[in-house]
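Visitor: Using the numbering used here, read the sequence shown as starting at 1 and increasing by one per residue.
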Amino acid sequence: MFYDHQAIERKWQKIWNERQTFRAAEPNETEKPKFYALDMFPYPSGAGLHVGHPLGYIASDIYARFKRHQGYNVLHPIGYDSFGLPAEQYAIQTGQHPAITTEENAARYEEQLRRIGFSFDWSRELKTSDPAYYKWTQWIFVQLFHSWYDFETDKAEPISTLVNHFQKFGTENLNAAQTDALNFSAEEWNNASEADQQDILLNYRLAYRAETTVNWCPALGTVLANDEVKDGKSERGGHSVFQKKMMQWSMRISAYSERLLNGLENLDWPQPLKDSQEYWIGKSVGASIKFEIQNSKFEVSQNEKSTVEIFTTRPDTIFGATFMVLAPEHPLVEELTTDDQKAEVENYTEETSKKSERERMADVKNVSGAFTGSYAVHPFTGKALPIFISDYVLMGYGTGAVMAVPAHDERDHRFAKKFGLEIINVIEHDGDVQEESYDSKDSVCVNSEFLNGLNYNDAKIKILEKIEALGIGKGMTNYRQRDAIFSRQRYWGEPVPVYFKDGLPYTLPESALPLELPEVEKYLPTEDGEPPLGNAKNWAWDEANEKVVESQLIDNEKVFPIELSTMPGWAGSSWYFLRYMDPRNDGYFCQKEKSDYWGQVDLYIGGSEHATGHLLYSRFWNMFLKDRGFIAQEEPFQKLINQGMILGMSAFVFRIEGTNKFVSKNLAKDYQTQKIHADVSLLKGATDELDVELFRNWRPEFADAEFILDDEKYLVEREVEKMSKSKYNVVNPDDICDEYGADCLRLYEMFLGPLEQSKPWNTQGLSGVYGFLKKFYNLYYNGDEFSVSDEAPTKAELKVLHTLIKRFTYDIEHFSFNTSVSQFMIAVNELQKLKCNKRQILEPLAVLISPYAPHICEELWEKLGHETSVDFAAFPELNEAFLVEDEFEYPVSFNGKMRFKLALPTGMEPQDVEKAALADERVLAQLAGNTPKKVIVVKDKIVNIVH
Numbered sequence: 001m002f003y004d005h006q007a008i009e010r011k012w013q014k015i016w017n018e019r020q021t022f023r024a025a026e027p028n029e030t031e032k033p034k035f036y037a038l039d040m041f042p043y044p045s046g047a048g049l050h051v052g053h054p055l056g057y058i059a060s061d062i063y064a065r066f067k068r069h070q071g072y073n074v075l076h077p078i079g080y081d082s083f084g085l086p087a088e089q090y091a092i093q094t095g096q097h098p099a100i101t102t103e104e105n106a107a108r109y110e111e112q113l114r115r116i117g118f119s120f121d122w123s124r125e126l127k128t129s130d131p132a133y134y135k136w137t138q139w140i141f142v143q144l145f146h147s148w149y150d151f152e153t154d155k156a157e158p159i160s161t162l163v164n165h166f167q168k169f170g171t172e173n174l175n176a177a178q179t180d181a182l183n184f185s186a187e188e189w190n191n192a193s194e195a196d197q198q199d200i201l202l203n204y205r206l207a208y209r210a211e212t213t214v215n216w217c218p219a220l221g222t223v224l225a226n227d228e229v230k231d232g233k234s235e236r237g238g239h240s241v242f243q244k245k246m247m248q249w250s251m252r253i254s255a256y257s258e259r260l261l262n263g264l265e266n267l268d269w270p271q272p273l274k275d276s277q278e279y280w281i282g283k284s285v286g287a288s289i290k291f292e293i294q295n296s297k298f299e300v301s302q303n304e305k306s307t308v309e310i311f312t313t314r315p316d317t318i319f320g321a322t323f324m325v326l327a328p329e330h331p332l333v334e335e336l337t338t339d340d341q342k343a344e345v346e347n348y349t350e351e352t353s354k355k356s357e358r359e360r361m362a363d364v365k366n367v368s369g370a371f372t373g374s375y376a377v378h379p380f381t382g383k384a385l386p387i388f389i390s391d392y393v394l395m396g397y398g399t400g401a402v403m404a405v406p407a408h409d410e411r412d413h414r415f416a417k418k419f420g421l422e423i424i425n426v427i428e429h430d431g432d433v434q435e436e437s438y439d440s441k442d443s444v445c446v447n448s449e450f451l452n453g454l455n456y457n458d459a460k461i462k463i464l465e466k467i468e469a470l471g472i473g474k475g476m477t478n479y480r481q482r483d484a485i486f487s488r489q490r491y492w493g494e495p496v497p498v499y500f501k502d503g504l505p506y507t508l509p510e511s512a513l514p515l516e517l518p519e520v521e522k523y524l525p526t527e528d529g530e531p532p533l534g535n536a537k538n539w540a541w542d543e544a545n546e547k548v549v550e551s552q553l554i555d556n557e558k559v560f561p562i563e564l565s566t567m568p569g570w571a572g573s574s575w576y577f578l579r580y581m582d583p584r585n586d587g588y589f590c591q592k593e594k595s596d597y598w599g600q601v602d603l604y605i606g607g608s609e610h611a612t613g614h615l616l617y618s619r620f621w622n623m624f625l626k627d628r629g630f631i632a633q634e635e636p637f638q639k640l641i642n643q644g645m646i647l648g649m650s651a652f653v654f655r656i657e658g659t660n661k662f663v664s665k666n667l668a669k670d671y672q673t674q675k676i677h678a679d680v681s682l683l684k685g686a687t688d689e690l691d692v693e694l695f696r697n698w699r700p701e702f703a704d705a706e707f708i709l710d711d712e713k714y715l716v717e718r719e720v721e722k723m724s725k726s727k728y729n730v731v732n733p734d735d736i737c738d739e740y741g742a743d744c745l746r747l748y749e750m751f752l753g754p755l756e757q758s759k760p761w762n763t764q765g766l767s768g769v770y771g772f773l774k775k776f777y778n779l780y781y782n783g784d785e786f787s788v789s790d791e792a793p794t795k796a797e798l799k800v801l802h803t804l805i806k807r808f809t810y811d812i813e814h815f816s817f818n819t820s821v822s823q824f825m826i827a828v829n830e831l832q833k834l835k836c837n838k839r840q841i842l843e844p845l846a847v848l849i850s851p852y853a854p855h856i857c858e859e860l861w862e863k864l865g866h867e868t869s870v871d872f873a874a875f876p877e878l879n880e881a882f883l884v885e886d887e888f889e890y891p892v893s894f895n896g897k898m899r900f901k902l903a904l905p906t907g908m909e910p911q912d913v914e915k916a917a918l919a920d921e922r923v924l925a926q927l928a929g930n931t932p933k934k935v936i937v938v939k940d941k942i943v944n945i946v947h
């Protein structure tokens, strides 16, 4: 029977859509247990999908379909992370509103995703740029703004409880996450003006405004996240990026560092991903120590001394400190710099601003710096320690200042060598100090009157006691993780629902949400350098009437300016998994009954590039929402899998240097040539032969190209690279669906190799999988007639089926999808040889293959007489009895050389096996009338005849 994949797939995609086959039941509609499968939020780019994009979606879809077979109510939703810089840049270039291009791109993605046959619940589709969605992103921001973190209860609390504490006790007995350490009495709080109180509260809010060092890109007119910067350039456009201090919104994620770290223990995530999060959080236990500044020009109170506070994980090495190093952006640098060092310090600071934090952290070999001209006083020896600045110290880690111990820290050692500074070894080692001995914890401390001979732990305890007794420091736990910058100077993002009165932020009332993006004439910053929203004509808040009004009405008495920055790209993607649970609720972000039912995401699949940013922010927002009682679960994603990449098979042509002549691959060695990428779509079918006419028409510079052929063909060189438009190796899944079908695409992507590994794409391999599908389809036909028998299956047929059930069950529990596809092929081949057309075999076979190839299985399921979707058929039960062998084929050897196999019933006693073997005609022929000297039988293993 002809397998018409196009007609079958169109038919079932239409039926699924009309019947809403994969709509997840609401909690009050079902008694089934739940299963929540989720793919990481895609960004809908104008290029659409290439064959590398669906890899993770196919895996999650297979698993979601399997869980339906097991009787679960499955939530498998999809949506789009539709705010972002690419759409805005396109708007700047073309003048087209980002909403238009975003809508077009999302529609294109949906068309492609539907065509591949994903069992998404399309009724829950989301876009982060939809005001009905970002209303609740803004609502969560408001909740964060009106919350603080209490380390006593170890959770976020309403800001009203903090105000109540201030009214009664001031800052006494307050253990809160805060920007700066404040100290005031209840009386001082109660007598403070509203403006002063609001300013104080910003020091504690979980969403707050503060001056922060950011990645500033002048060409794009916006702040960039660390992962949007590479080698000091913007990832988009390659523009220069500088470190700059700006007033920005931030999220106090640092308050959750310990919980984010501890929570990893109970998550079923890849260990490298957990390691990345642990490193990013960067917990360090040590001490903060204040060093007095010599001859300081600081303005300090009469009872205080001017100091620089440092953080160290090795306070026991303090006697080896010979200088201090501050981050170039440290707020005290200007005060510390003497007049004769000013030019050098300013030049160095400017150069450092061109590097991202990642670059500074990664460059461990090269050290540089500048001397401030000032000195600190060693608290124990009284020595003067020169104070430098260097880019290897980061403002975001610790206090932004370190005591340098060059004998026991690699970078300090390199710095001391470069600037000719003193190196004092305070730890006893075997032999000379080597790089690998830095920070040794097996060392013995010497060179001080009270640390001599102590090991690392004892020395650390004793020096901490001394530091605290002197009142110059204390034990401290530090985290590398900084608060997350939460504002971008862009247009295409969620507006921040805040207006400013007396220069201080106030949130809009919840009734005013969503605060929708206004229309602007242009998407660039204003002439005054303000963000694009500064171009809006209606962007002011009428406080009395609670509505947005014309910007020209701002009088700062009744009408106030609205925040001009928008939220970052990660805002909407930090909670989308919750909105899928209740996507059409206009009155609440997620009804608690529904969030309690769906709980955590049971299976989350996505790329490893989100190991820190997205996953940390999502965990942080989830923990916060749990703290405030809006949801019940601490963590959002229980099991997470990082899929590998599908790599492109690039094509290269060889141009003879200085000409427009191209020589075929096998002849290129005879010429001086230049390798050039050619679009893989220019190849003839699934071959390495270039269509030279298509190549000439591809780009104008190749219109008059000449070709030196090999056997009348031009062959290209193939090479595996990352699939990318710039390498012209992108394969459009639509083309694959046209020629081979979506089921073939799904099976082939899983067949390529283990899900977590990267693997090369080769279109030529599709023909083998397509052949399997045709063979599978024709098991159910006799010629052109659908023909399935109700006759009882044979033992051999049952063995094939139950071998497959066992393999499938093991594979899917271990996410080994590629080995299941191999087993499908083996099973179909064996059933074909057995000429099996038995219903008791072919019905469960269709169920087993349906998660991978749903369209063809739906068609066969209907042909088998079923009116409901194959997706909800019960998963076949394994019966191990059908796998027990009735016979064993003994390898029969003569003098150790195997000649043939002898089939005998399993379990025969050795003496019976020997009798049966010696009676076999092949054995008699081999012995040629001779009597064997010895017959060795190992039960159900071997027969060896010595003669």
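Cβ coordinates follow ideal geometry from the N, Cα and C atoms, glycine included. Note that the structure is predicted; figures quoted are calculated from it, not measured.
Considering just the uninterrupted stretch of the beta strand (DSSP E) at D4, what are its terminal residues?
Guide: Careful: D4 lies outside any beta strand (DSSP E) and carries neither H nor E.
Visitor: Report the CB separation of I485 from Q138 in whole angstroms; it is logged as a contact under 8 angstroms.
Guide: Contact doesn't hold; Cβ gap of about 18 angstroms is too wide.
Visitor: Give the C-beta separation of A177 and S254 to the nearest angstrom, bearing in mind that I take them to be a contact with Cβ-Cβ under 8 angstroms.
Guide: Correct: roughly 7 angstroms between the Cβ atoms.
Visitor: K522 and P315: beta carbons closer than 9 angstroms?
Guide: Contact flag unset, no.
Visitor: Tell whether a beta-carbon distance below 9 angstroms holds between S374 and T337.
Guide: Closer than 9 angstroms, so yes.
Visitor: Leaving aside the five residues before and after F630 along the sequence, list all residues of the same chain whose C-beta is less than 6 angstroms from its C-beta, in chain order.
Guide: Around F630: no qualifying Cβ.
Visitor: Would you check if the distance between the CB atom of S869 and the CB atom of E887 is smaller than 9 angstroms?
Guide: Not in contact: S869 and E887 (Cβ atoms no closer than 9 angstroms).
Visitor: Using the Cβ count rule (16 or more neighbours within 10 Å means buried), how would you classify K441?
Guide: Residue confidence for K441 is low, a pLDDT of 47 falling below 50, so the modelled location carries little weight and cannot support an answer.
Visitor: Considering I92, what are the terminal residues of the alpha helix (DSSP H) in which it resides?
Guide: It spans 85-94 - the alpha helix (DSSP H) in which I92 sits, taken as one unbroken run.
Visitor: Can you list, in chain order, the stretches of the beta strand (DSSP E) that have 3 or more residues and sit fully within the region 490-551?
Guide: Runs found: 498-501, 504-507, 540-542, 547-549.
Visitor: Taking only runs that begin and end inside the region 245-280, name each unbroken alpha helix (DSSP H) of 4 or more residues, in chain order.
Guide: Counting whole runs of 4 or more residues, the region 245-280 contains the alpha helix (DSSP H) stretches 257-262.
Visitor: Which same chain residues, not among the five before or five after Q434, have their C-beta less than 7 angstroms away from its C-beta?
Guide: Confidence at Q434 is low in this model, with a pLDDT of 37, below 50, so the placement of that residue should be treated as unreliable; the coordinate-derived value is given next. Here the set comprises nothing.
Visitor: Which residues share a DSSP beta bridge with F405?
Guide: A small correction: the amino acid at residue 405 is Val; Phe does not occupy that position in the sequence shown. For V405, which the question treats as bridged, DSSP gives no partner whatsoever.
Visitor: Would you mind working out which of M750, K775, K915 sits nearest L842, comparing C-alpha positions?
Guide: If we check each option's Cα against that of L842, K775 comes out closest.
Visitor: Measure how close the beta-carbons of L326 and V393 come, nearest whole angstrom, since I'm counting them as under 8 angstroms.
Guide: At roughly 6 angstroms, the Cβ-Cβ gap stays under 8 angstroms, so L326 and V393 are in contact.
Visitor: Compute the beta-carbon to beta-carbon distance between Y956 and Y714, rounded to the nearest angstrom, for a pair I have assumed lies under 8 angstroms.
Guide: With the chain represented from 1 up to 947, any question about residue 956 goes unanswered, as that position is not in the structure.
Visitor: State the Cα-Cα distance for the pair N944 and R899, rounded to the nearest angstrom.
Guide: Each residue's Cα considered, the two are about 10 angstroms apart.
Visitor: Which one or two residues does DSSP pair with W216 in a beta bridge?
Guide: W216 is bridged to V223, F242.
Visitor: Would L755 pass as a contact of I849 if the rule is Cβ separation under 9 angstroms?
Guide: Their beta carbons are not under 9 angstroms apart, which means L755 does not touch I849 by this criterion.
Visitor: In the DSSP assignment, find the beta strand (DSSP E) that holds K417 and state where it starts and stops.
Guide: No beta strand (DSSP E) holds K417; the alpha helix (DSSP H) holding it covers 410-419.
Visitor: Among L603, R480, K417, E880, which one has its Cα closest to the Cα of K36?
Guide: Here residue 36 is Tyr; the residue named in the question, Lys, does not match the sequence. Per the Cα distances, L603.
Visitor: Within the same chain, show all residues whose beta-carbon is closer than 7 angstroms to that of A64, passing over the 5 residues directly before and after it, in chain order.
Guide: Answer for A64: A37, V74, H76, S119, listed in chain order.
Visitor: Could you tell me the alpha carbon to alpha carbon distance between G52 and A827, rounded to whole angstroms?
Guide: In a straight line, the C-alpha of G52 is about 28 angstroms away from that of A827.
Visitor: Among Y133, N173, S595, P495, which has the Cα closest to the Cα of D150?
Guide: Of the candidates Y133, N173, S595, P495, the one whose C-alpha sits nearest the C-alpha of D150 is N173.
Visitor: By alpha-carbon positions, which one of G56, Y499, W539, R209 ends up nearest to G644?
Guide: The residue with the shortest Cα to Cα distance from G644 is G56.
Visitor: Measuring only the C-alpha atoms, how far is K355 from S608?
Guide: C-alpha separation (whole angstroms): 24 angstroms.
Visitor: Can you say whether R124 is buried or exposed, counting buried as having 16 or more other CB atoms within 10 angstroms of its CB?
Guide: Buried, by the Cβ-count rule.
Visitor: Determine, using beta carbons only, whether S82 and K135 come nearer to each other than 9 angstroms.
Guide: No, they are not a contact pair.
Visitor: Taking the Cβ atom as the reference point for each residue, do V720 and G768 lie within a distance shorter than 9 angstroms?
Guide: Contact flag unset, no.
Visitor: Taking just the CA atoms, how far does V653 sit from Y256?
Guide: So the alpha carbons of these two residues sit roughly 54 angstroms apart.
Visitor: Have a look at N545 and G503 and give me their C-alpha separation to the nearest angstrom.
Guide: The alpha-carbon atoms of N545 and G503 are separated by roughly 20 angstroms.
Visitor: Given 8 angstroms as the limit, is there contact between the region 873-887 and the region 923-932, that is, 3 or more CB pairs closer than that?
Guide: Touching, no.
Visitor: Please confirm whether P44 and Y133 have their CB atoms less than 9 angstroms apart.
Guide: No.
Visitor: Can you tell me the Cα-Cα spacing of R579 and E410, whole angstroms?
Guide: Near 48 angstroms, if we compare the C-alpha coordinates of E410 and R579.
Visitor: Looking only at its own chain, which residues have a Cβ that is under 7 angstroms from the Cβ of I472, when we skip the five neighbours before and after it?
Guide: Contacts found: I289, K290, P379.
Visitor: On the criterion of 16 or more Cβ atoms from any shown chain inside 10 Å, does S443 qualify as buried, or is it exposed?
Guide: Residue confidence is low: S443 scores 49 on pLDDT, short of 50, so the model does not pin down where it sits. No coordinate-derived value is stated.
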